[in-house]
């Protein structure tokens, strides 16, 4: 049965008058989330108190929710667990991978990666010692840069600015041929397009849930460890909830079974409740349908923008199969254009120096939204809106 | 004006028929928390969407809330920031402190410390390399074990099992005399007793908020860095929200100003909202009053228990000034006794092998609760309740 997108859209609270093209930064509110979190607070925390850890299933929640995420990213059951933030998970995955490839000292990433990934990798290298280096190359050079010095690659599948998508299968294959492990950052992939971690033979993956997965501000991250590695992975962030028997309170750390060992501290139960409400919507979506509609919406947007105002230069791949679920355009006045768009209810975002970024999420964006966004942008670019004093913030399109 | 404890108690949702002596594990629900979180979800996330980071103050929240915590732990304004879990903050504080004391290789802790602290320290040592060691001594030997090989001490002020309190001032003084830095874990101190980080000249401190501070399951942790160290601290967990200019998206990491650099990833906005509701109650409490009443409640409980059943051996210091806000007893049948207590509405917890642990938090526990808990315990110990079939779980007191 094809995905009923109108029904999905009806399950989000979208402010009237807003066309929200920033779900790739913070997804909108699932209508059921408030009640779900309220139930966790009043019925579970309030009434069960400490017994909620067992009676309400809080203790099992990180791996139970992880299994729901696994279905969206082509991962095996028992290979994903929730917790912490994406930055922490970058560190955890890298540190664990480096320890599994002990003769090598190089983390390979690219200059299109999200900066926090690079910062965390850099911090880890400093902690590990001067032999360890983070090497970055241009995104298009990644494949050729994987040589037999590389311990692990740290690649974000979809570029946060341009939406350009790396070839997970090819990079993973090359890495393995050269004896390297892979860490895939799925920040702009999970919920945006089909991901096939198992089929690509990926080693580690990490991601956040507050973008396309709509878990709300500060929603928890996830980590994937391929089943073949799980019993070899000795987590550097060895917290008590990753212990084999957390409640034995042993003084020595013994890693837990399988993916459980990647847990660290107490899970964020309230944020996980919001995520569960969002995943209830995802269960009604077929990711292939989502992808097809995402590409169609973005193609329509690109055609509309380029038809109205060719000075906006497409910064994303034109071929929908080569990009994530976003379209980015460059314009020297990009900051001001985005301010004018936002003031007119079209919420996208700006990434320095000149990128206007628009996320398209078929769960709640449809063709009519696209057409209206194009029309408003066209009005702004032809100055009928732009000339209004409140948009003359810093400069003007001339 | 003395603290109005009856008014504070009225601001918690406490289930009827329950005497909750486990707030040292998970604090109960502040009545205002559900509405506060609901507002964050529906009015902020739902309506402001991505603009909530600025318009609703989410971006500034970790340090704004940190300043509220600072007041409860004797810390300077601008020295505390929220985020992550306590385990992650242990790692962050230790890694940062070790880098500030680069000629030394020893982390000193004690065998009474909470295991996760030791696990995280151990994981860090493995990451740093074979020169680094975690040395643990008996709690009473800590002071003498601080020698000029110690880079940093990792001490939990209040023992999670017995409630025995370390002397923060004396240990910090000795550490500084020997050229060591200090990391204080305040898990069982923050909200339990007056803490004087600044007056004790502490270097780093960390803590959680879901125990005595009542932020709910999975509430965020905090980290303190003494102002004199902040500009020297280069965080090993160098995430983008600790960057000087997160939204410049520089490829290189530049630590942010002051305590801001200890931020890592996206803050847990929903959990922070619940914490804010809890802190609204704390603002009506004077910590000296809380401490005085806590000692009185525990003294009363100890007297009652020992008067009724001397086979329960006090495992906590008898002198109230030498313990945290809990009382622990040892009994060979401790597990079963606690099960019987819980079945009768007295919620404490059991810590292997033989410890019954009871937390006392004057914000919502009063003398009547203490007397009822003692009476129920006495009934159980004299078998009038114990003999009921549902409590014959594994063994019996004979």
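Chains as they are written, first to last, in our numbering: chain W, 1 to 398; chain E, 1001 to 1398. Every residue, glycine too, gets a C-beta built ideally from N, C-alpha and C.
Closer than 8 Å to chain E by CB, residue i
| i | result |
| --- | --- |
| residue 403 of chain W | Because chain W in this structure spans residues 1 to 398, residue 403 of chain W falls outside the shown range and cannot be described. |
| residue 224 of chain W | no |
| residue 119 of chain W | yes |
| residue 336 of chain W | no |
| residue 116 of chain W | yes |
| residue 363 of chain W | no |
| residue 329 of chain W | no |
| residue 279 of chain W | no |
| residue 29 of chain W | yes |
| residue 156 of chain W | no |
| residue 343 of chain W | no |
| residue 111 of chain W | yes |
| residue 13 of chain W | yes |
| residue 138 of chain W | no |
| residue 122 of chain W | yes |
Proximity test, Cβ basis, 8 Å: residue i and chain W
| i | result |
| --- | --- |
| residue 1151 of chain E | no |
| residue 1025 of chain E | yes |
| residue 1351 of chain E | yes |
| residue 1081 of chain E | no |
| residue 1184 of chain E | no |
| residue 1020 of chain E | yes |
| residue 1249 of chain E | yes |
| residue 1399 of chain E | Since the first and last residues shown for chain E are 1001 and 1398, residue 1399 of chain E lies out of range. |
| residue 1266 of chain E | yes |
| residue 1126 of chain E | yes |
Nearest-angstrom beta carbon gap, residue j and residue i [assumed within contact, 8 Å]
| i | j | result |
| --- | --- | --- |
| residue 1018 of chain E | residue 1345 of chain E | 5 Å |
| residue 47 of chain W | residue 1015 of chain E | 5 Å |
| residue 334 of chain W | residue 21 of chain W | Between residue 21 of chain W and residue 334 of chain W the Cβ distance is about 14 Å, and since that is not below 8 Å, they are no contact. |
| residue 1238 of chain E | residue 122 of chain W | 6 Å |
| residue 407 of chain W | residue 86 of chain W | This structure cannot speak to residue 407 of chain W, because chain W is shown only from 1 to 398. |
| residue 1289 of chain E | residue 1003 of chain E | 4 Å |
| residue 164 of chain W | residue 357 of chain W | Wrong, their Cβ atoms sit about 12 Å apart, outside the cutoff. |
| residue 1212 of chain E | residue 1116 of chain E | Not quite, the Cβ-Cβ distance comes to about 18 Å (not below 8 Å), so this is no contact. |
| residue 1249 of chain E | residue 351 of chain W | 7 Å |
| residue 80 of chain W | residue 95 of chain W | Their Cβ separation, rounded to whole angstroms, is 18 Å, which puts residue 80 of chain W and residue 95 of chain W out of contact at 8 Å. |
| residue 181 of chain W | residue 73 of chain W | Not really, about 18 Å apart at Cβ, beyond 8 Å. |
Through-space distance from residue j to residue i, alpha-carbon basis
| i | j | result |
| --- | --- | --- |
| residue 107 of chain W | residue 39 of chain W | 44 Å |
| residue 332 of chain W | residue 280 of chain W | 41 Å |
| residue 225 of chain W | residue 1091 of chain E | 22 Å |
| residue 1304 of chain E | residue 1168 of chain E | 31 Å |
| residue 373 of chain W | residue 127 of chain W | 47 Å |
| residue 1276 of chain E | residue 1130 of chain E | 43 Å |
| residue 342 of chain W | residue 57 of chain W | 41 Å |
| residue 1292 of chain E | residue 1370 of chain E | 15 Å |
| residue 1190 of chain E | residue 1253 of chain E | 32 Å |
| residue 62 of chain W | residue 1084 of chain E | 15 Å |
| residue 1234 of chain E | residue 283 of chain W | 43 Å |
| residue 1050 of chain E | residue 217 of chain W | 9 Å |
| residue 1314 of chain E | residue 1377 of chain E | 15 Å |
| residue 1174 of chain E | residue 1155 of chain E | 13 Å |
| residue 1153 of chain E | residue 1098 of chain E | 10 Å |
| residue 301 of chain W | residue 138 of chain W | 28 Å |
| residue 142 of chain W | residue 1251 of chain E | 17 Å |
Same chain only: Cβ atoms within 7 Å of residue i, ignoring 5 sequence neighbours per side
| i | result |
| --- | --- |
| residue 45 of chain W | 52 |
| residue 230 of chain W | 258, 259 |
| residue 1382 of chain E | none |
| residue 1042 of chain E | none |
Sequence-distant residues of the same chain with beta carbon closer than 8 Å to residue i, five excluded per side
| i | result |
| --- | --- |
| residue 13 of chain W | 28, 29, 30, 31 |
| residue 364 of chain W | 8, 9, 12, 14, 20, 23, 28 |
Chain-order list of residues whose beta-carbon lies under 6 Å from that of residue i (same chain, five-residue window excluded)
| i | result |
| --- | --- |
| residue 215 of chain W | 209, 274, 275, 278 |
| residue 89 of chain W | 206, 221, 223 |
| residue 1001 of chain E | none |
| residue 227 of chain W | 76, 79 |
> Which residues, in order along the region 83-97 of chain W, keep a beta-carbon less than 7 Å from a beta-carbon of chain E?
Replying inline: 84, 85, 86, 87, 88, 91, 95
>> Under 7 Å, CB to CB, which of the residues in the region 1039-1052 of chain E have a partner in chain W?
In response: 1041, 1042, 1045, 1046, 1047, 1049, 1050, 1052
>> What are the residues in the region 1253-1264 of chain E lying within 8 Å of chain W by C-beta distance?
In response: 1253, 1264
> Between the region 180-212 of chain W and chain E, which residues of the former have a C-beta closer than 9 Å to a C-beta of the latter?
Replying inline: 208, 210
> Name the residues in the region 229-241 of chain W whose C-beta lies less than 9 Å from a C-beta of chain E; which are they?
Replying inline: 234, 235, 236, 237, 238, 239, 240, 241
> Going along the region 290-310 of chain W in order, which residues come within less than 7 Å of chain E, judged by CB to CB distance?
Replying inline: none
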